[in-house]
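K.L.:
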Amino acid sequence: DTEVTQTPKHLVMGMTNKKSLKCEQHMGHRAMYWYKQKAKKPPELMFVYSYEKLSINESVPSRFSPECPNSSLLNLHLHALQPEDSALYLCASSARGDTEAFFGQGTRLTVV
Amino acid sequence: GQQVMQIPQYQHVQEGEDFTTYCNSSTTLSNIQWYKQRPGGHPVFLIQLVKSGEVKKQKRLTFQFGEAKKNSSLHITATQTTDVGTYFCAGGRDGGYNKLIFGAGTRLAVHP
Numbered sequence: 030d031t032e033v034t035q036t037p038k039h040l041v042m043g044m045t046n047k048k049s050l051k052c053e054q055h056m057g058h059r060a061m062y063w064y065k066q067k068a069k070k071p072p073e074l075m076f077v078y079s080y081e082k083l084s085i086n087e088s089v090p091s092r093f094s095p096e097c098p099n100s101s102l103l104n105l106h107l108h109a110l111q112p113e114d115s116a117l118y119l120c121a122s123s124a125r126g127d128t129e130a131f132f133g134q135g136t137r138l139t140v141v
Numbered sequence: 036g037q038q039v040m041q042i043p044q045y046q047h048v049q050e051g052e053d054f055t056t057y058c059n060s061s062t063t064l065s066n067i068q069w070y071k072q073r074p075g076g077h078p079v080f081l082i083q084l085v086k087s088g089e090v091k092k093q094k095r096l097t098f099q100f101g102e103a104k105k106n107s108s109l110h111i112t113a114t115q116t117t118d119v120g121t122y123f124c125a126g127g128r129d130g131g132y133n134k135l136i137f138g139a140g141t142r143l144a145v146h147p
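So the sequence lines, in the order shown, correspond to chains A and B.
Just so we're aligned, residue 30 is where the first sequence starts under our numbering, counting upward by one.
Just so we're aligned, residue 36 is where the second sequence starts under our numbering, counting upward by one.
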């Protein structure tokens, strides 16, 4: 299984809502990532988890809260988002910190 | 901070013509990876280059890593309509974490 599965595929939320994005991989990868991608732009790194510990936070606002419950799962909790946070949120994993990254299909988030 | 510049931003070709995209980093890279993202899709890993001066081929695709490990190129011979998409280079840094810095991407359009 070489898949990274993300749910939901689409999400519309209000600015006062709380929602969570989920990501799962069963490749035994020990590094997992959240990226944000705006239209016609490259993916921007948000968070890196290594061995289930947060190792990199790219100065992401606290309204985005990552969580890694175990080595296969990665969540991104969303609260009080702004319309400018609307984007494609991509999860990725890699076996080690310097090997290829496998991306999920993403969650297309719209904040209204 | 580390930046990865990628050109051109956009390229139109007729089917059968060749295509090249170039990446330059402001700092030495530990490795460089190339990804392809189809319209509406997610980034898909193509290849990783690690050694100075490395050249790798995948059918009609040729990837090069510069001697100084600061630049890279992807060349597609005789493009096909299936090559349509955005090609991203992503530079890795030393330290064990795959903090990939993505180039801006080159969007390839192939006209039959």
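Even glycine gets a Cβ: it sits at the ideal position worked out from N, Cα and C.
The structure presented is a predicted model; accordingly, all values stated were derived computationally and were not measured.
When you check each C-beta in the segment 121 to 133 of chain A against every C-beta of chain B, which residues fall closer than 9 Å?
P.N.:
Listed by position, the residues of the segment 121 to 133 of chain A near chain B (Cβ gap below 9 Å) are 121, 123, 125, 126, 127, 128, 129, 130, 131, 132, 133.
K.L.:
Excluding sequence positions up to five away, which residues of its chain have a Cβ less than 6 Å from the Cβ of residue 51/A?
P.N.:
The count along the first sequence starts at 1 and reaches residue 51/A at position 22. Counting only Cβ-Cβ distances below 6 Å, and skipping sequence neighbours, we find 36, 104.
K.L.:
On the premise that residue 65/A lies in contact with residue 130/A, defined as a C-beta separation below 8 Å, what is that separation, rounded to the nearest angstrom?
P.N.:
Stepping through the first sequence from its first residue, residue 130/A is reached at position 101. Stepping through the first sequence from its first residue, residue 65/A is reached at position 36. That belief does not hold up - the Cβ atoms of residue 130/A and residue 65/A are roughly 15 Å apart, past 8 Å.
K.L.:
What residues of chain B sit near residue 37/A, judged by a beta carbon separation below 8 Å?
P.N.:
Translated into positions along the first sequence, residue 37/A becomes position 8. Within 8 Å Cβ-Cβ: nothing; residue 37/A doesn't reach chain B, min ~15 Å.
K.L.:
For the putative contact between residue 132/A and residue 78/B, defined by C-beta atoms under 8 Å, what is the C-beta separation to the nearest angstrom?
P.N.:
The residue you call residue 132/A lines up with position 103 of the first sequence. The residue you call residue 78/B lines up with position 43 of the second sequence. Confirmed, about 5 Å.
K.L.:
For residue 78/B, would you say it is in contact with chain A, using Cβ-to-Cβ distances shorter than 8 Å as the test?
P.N.:
For the purposes of this step, residue 78/B is taken as the residue at position 43 of the second sequence. For residue 78/B, the answer is yes, since a Cβ of chain A falls inside 8 Å of its Cβ.
K.L.:
For a contact meaning CB atoms closer than 7 Å, what does residue 87/B contact in chain A?
P.N.:
Start at 1 with the first residue of the second sequence, and residue 87/B comes out as number 52. Within 7 Å Cβ-Cβ: nothing; residue 87/B doesn't reach chain A, min ~16 Å.
K.L.:
Need the endpoints of the beta strand (DSSP E) that residue 122/A sits in, please.
P.N.:
For this step, residue 122/A is matched to residue 93 along the first sequence. Taken as a continuous stretch (DSSP letters only), the beta strand (DSSP E) holding residue 122/A covers 116 to 123.
K.L.:
CA-CA distance, residue 47/B and residue 144/B?
P.N.:
Here residue 47/B refers to the residue found at position 12 of the second sequence. Here residue 144/B refers to the residue found at position 109 of the second sequence. Rounded to whole angstroms, residue 47/B to residue 144/B spans 5 Å at the Cα level.
K.L.:
Does DSSP classify residue 73/A as helix, strand or coil?
P.N.:
Residue numbering aside, residue 73/A sits at position 44 when the first sequence is read from its first letter. The answer is strand: DSSP assigns residue 73/A an E or B state.
K.L.:
Count the other C-beta atoms from every protein chain shown that fall within 10 angstroms of the C-beta of residue 83/B, then say buried if there are 16 or more, exposed otherwise.
P.N.:
What you label residue 83/B is simply residue 48 of the second sequence in a count that begins at 1. Buried: at least 16 other Cβ atoms inside 10 Å.
K.L.:
Strictly below 8 Å CB to CB, what residues from chain A border residue 93/B?
P.N.:
One-based indexing of the second sequence puts residue 93/B at position 58. Those do not exist, as residue 93/B stays about 13 Å from chain A at its closest Cβ, beyond 8 Å.
K.L.:
Could you work out which residue in 68/A, 97/A, 38/A, 34/A is closest to residue 113/A when comparing CA atoms only?
P.N.:
Position 84 of the first sequence, counted from the first residue, corresponds to residue 113/A. It is 68/A.
K.L.:
The beta strand (DSSP E) with residue 120/B in it runs from where to where?
P.N.:
If you number the second sequence from 1, residue 120/B lands on position 85. Here the beta strand (DSSP E) through residue 120/B covers 120 to 127.
K.L.:
For residue 96/B, which residues in the same chain have their Cβ closer than 6 Å to its Cβ, ignoring the five residues on either side in sequence?
P.N.:
Residue numbering aside, residue 96/B sits at position 61 when the second sequence is read from its first letter. Closer than 6 Å at Cβ, skipping near neighbours: 111.
K.L.:
List, in order along the chain, the chain B residues whose C-beta lies closer than 7 Å to that of residue 71/A?
P.N.:
Stepping through the first sequence from its first residue, residue 71/A is reached at position 42. Within 7 Å Cβ-Cβ: 123, 137, 138, 139, 140.
K.L.:
Quick one: Cα of residue 136/A to Cα of residue 104/B, how far?
P.N.:
Translated into the one-based positions of the first sequence, residue 136/A becomes position 107. Translated into the one-based positions of the second sequence, residue 104/B becomes position 69. So the two alpha carbons sit approximately 34 Å from each other.
K.L.:
Kindly say whether residue 38/B, judged by its beta-carbon, lies nearer than 8 Å to any beta-carbon of chain A.
P.N.:
One-based indexing of the second sequence puts residue 38/B at position 3. By this cut-off, residue 38/B is not an interface position.
K.L.:
Closest to residue 138/A by C-alpha separation, out of 85/A, 102/A, 106/A, 61/A, would be which residue?
P.N.:
The sequence position of residue 138/A within the first sequence is 109, counting from 1. Here the closest residue by C-alpha is 106/A.
K.L.:
So, is the C-beta of residue 68/B closer than 8 Å to a C-beta in chain A?
P.N.:
Residue 68/B sits at position 33 when you count from the first residue of the second sequence. True, the Cβ-Cβ gap to chain A drops below 8 Å.
K.L.:
List, in order along the chain, the chain A residues whose C-beta lies closer than 8 Å to that of residue 99/B?
P.N.:
Position 64 of the second sequence, counting from 1, holds the residue named residue 99/B. The premise fails here: residue 99/B is roughly 18 Å from chain A at the closest Cβ pair, so nothing lies under 8 Å.
K.L.:
In the DSSP assignment, find the beta strand (DSSP E) that holds residue 108/B and state where it starts and stops.
P.N.:
Counting from one through the second sequence, the residue named residue 108/B turns up at place 73. Taken as a continuous stretch (DSSP letters only), the beta strand (DSSP E) holding residue 108/B covers 106 to 111.
K.L.:
Taking buried to mean at least 16 other C-beta atoms within 10 Å of its own C-beta, is residue 44/A buried or exposed?
P.N.:
In the first sequence, the residue the question calls residue 44/A occupies position 15. Residue 44/A should be labelled exposed.
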